[in-house]
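Reading through the structure tokens given below for one structure.
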Amino acid sequence: ECYNIYNKYISYTRTLPKTISLVDKKPGRKMGLHYRPMVSDSDGTVKMYEAIPWFGGILEQPDETETLDDLRDLFKRTSLVEPISWYLLYEATDTLLRMKNCKIETEGILLHMMPEFYSLDTQLQKFNQLFIAQPVDKEKLFLTIHVDTVKNANKTTLKLINRYARNGIRLVLDGYRPGDIDLDLLRELEITCIRPHPDTYLNGDMAGFIHSMKATGFTFFGKDADDADVLAWLVACEFNCSSGTMTGSLVDEDGLIYDSLARESNIG
Numbered sequence: 008e009c010y011n012i013y014n015k016y017i018s019y020t021r022t023l024p025k026t027i028s029l030v031d032k033k034p035g036r037k038m039g040l041h042y043r044p045m046v047s048d049s050d051g052t053v054k055m056y057e058a059i060p061w062f063g064g065i066l067e068q069p070d071e072t073e074t075l076d077d078l079r080d081l082f083k084r085t086s087l088v089e090p091i092s093w094y095l096l097y098e099a100t101d102t103l104l105r106m107k108n109c110k111i112e113t114e115g116i117l118l119h120m121m122p123e124f125y126s127l128d129t130q131l132q133k134f135n136q137l138f139i140a141q142p143v144d145k146e147k148l149f150l151t152i153h154v155d156t157v158k159n160a161n162k163t164t165l166k167l168i169n170r171y172a173r174n175g176i177r178l179v180l181d182g183y184r185p186g187d188i189d190l191d192l193l194r195e196l197e198i199t200c201i202r203p204h205p206d207t208y209l210n211g212d213m214a215g216f217i218h219s220m221k222a223t224g225f226t227f228f229g230k231d232a233d234d235a236d237v238l239a240w241l242v243a244c245e246f247n248c249s250s251g252t253m254t255g256s257l258v259d260e261d262g263l264i265y266d267s268l269a270r271e272s273n274i275g
């Protein structure tokens, strides 16, 4: 289903430097991912990228795009949550594969997922197929799971979430505020990566909470680093990495590869 959406053709035989582009996509495609660097420190060292879905095809507005949140209800109503989610998963892992073939070092890609994805029946078999088709390190693919998805989950969904985590699917709890979810439940679910809600930033109590959580094995990712104070606070709290307007602009897959190669060339 995912391959057929935009007739992706993948060639794994191309070698450096002919890795751009490994994937040929139809120019008129109406969906894809934009990437933003996630930096680890005040010097702007890029450790990861977040992948943000975009959707086009708006009548009489060919240059306009909509977000995942804009279209969630439509996808749910038309039973498109599963195929759309899997297209995005293949798109993100395809970018990881391109980076691997270009010998670009990265800790991973954080893909924004629809909350409704976690209400589907188990997708573990498809995940296994994904990592066969896309031979990348599964540890480098991170998926957001919104805090409300976990808070409102029934026992069946909680078991499903735990199965993903136990089978090496990296989940990042997004939008967390202290007290939202009992920490013992997070440990039971084996969710140890957290992306706090931005309204908790620049708060002394939150900084202490993060410090205590890190000491017990939790990892923190940041977002909306839109001014110097926020970025400095995220760095001081030793977030693993953060994204925002100050960390870099949104780019497509080619831009990510070109920028990464140029940066590594300068470092070398």
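Residue 8 is where the sequence shown starts when you use the numbering used here, and the numbers rise one by one after that. Backbone N, C-alpha and C define an ideal beta-carbon position, used for all residues, glycine too. Quantities reported herein were computed from a predicted structural model and do not represent experimental measurements.
| Query | Result |
| --- | --- |
| Residue span of the beta strand (DSSP E) that contains residue 149, given as start and end | 148-153 |
| Check whether residue 38 and residue 94 have beta carbons under 8 Å apart | yes |
| For residue 172, the three-state DSSP class (helix, strand or coil) | helix |
| Buried versus exposed call for residue 215 [16 or more other C-beta atoms within 10 Å across all chains shown] | exposed |
| Integer-rounded CB distance, given that residue 250 should sit under 8 Å from residue 45 | 4 Å |
| Bridge-paired residues (DSSP) for residue 39 | 61 |
| Range covered by the alpha helix (DSSP H) that runs through residue 183 | Careful: residue 183 lies outside any alpha helix (DSSP H), inside the beta strand (DSSP E) at 177-183. |
| Distance CB(residue 182)-CB(residue 154) smaller than 8 Å | yes |
| Per-residue DSSP class, three states only, for residue 217 | helix |
| Nearest neighbour of residue 176, chosen from 190, 159, 144 and 243 [CA to CA] | 144 |
| Counted within 10 angstroms of its Cβ, other Cβ atoms place residue 47 as buried (16 or more) or exposed | buried |
| Inter-residue spacing [alpha-carbon to alpha-carbon] between residue 85 and residue 213 | 40 Å |
| Contacting residues, own chain, Cβ-Cβ under 7 Å from residue 255 (five flanking each side not counted) | 43 and 44 |
| Residues that DSSP places opposite residue 115 in a beta bridge | 55 |
| Contacts around residue 52, its chain only, beta-carbon distance under 7 Å, and the 5 residues preceding and following it disregarded | 46 |
| Buried or exposed by the 16-neighbour rule on C-beta atoms within 10 Å, applied to residue 172 | buried |
| Reduced DSSP secondary structure (H/G/I, E/B, other) of residue 28 | Note that residue 28 scores 46 on pLDDT, short of 50, meaning its location in the model is unreliable; the coordinates nonetheless yield the value given after this. In the structure shown, residue 28 sits in coil (DSSP, three-state: anything other than H, G, I, E or B). |
| Within the region 184-272, ranges of the beta strand (DSSP E) (whole runs, at least 3 residues) | 200-203 and 226-229 |
| Candidates 54, 166, 222 and 75, of which the one nearest residue 228 by Cα | 54 |
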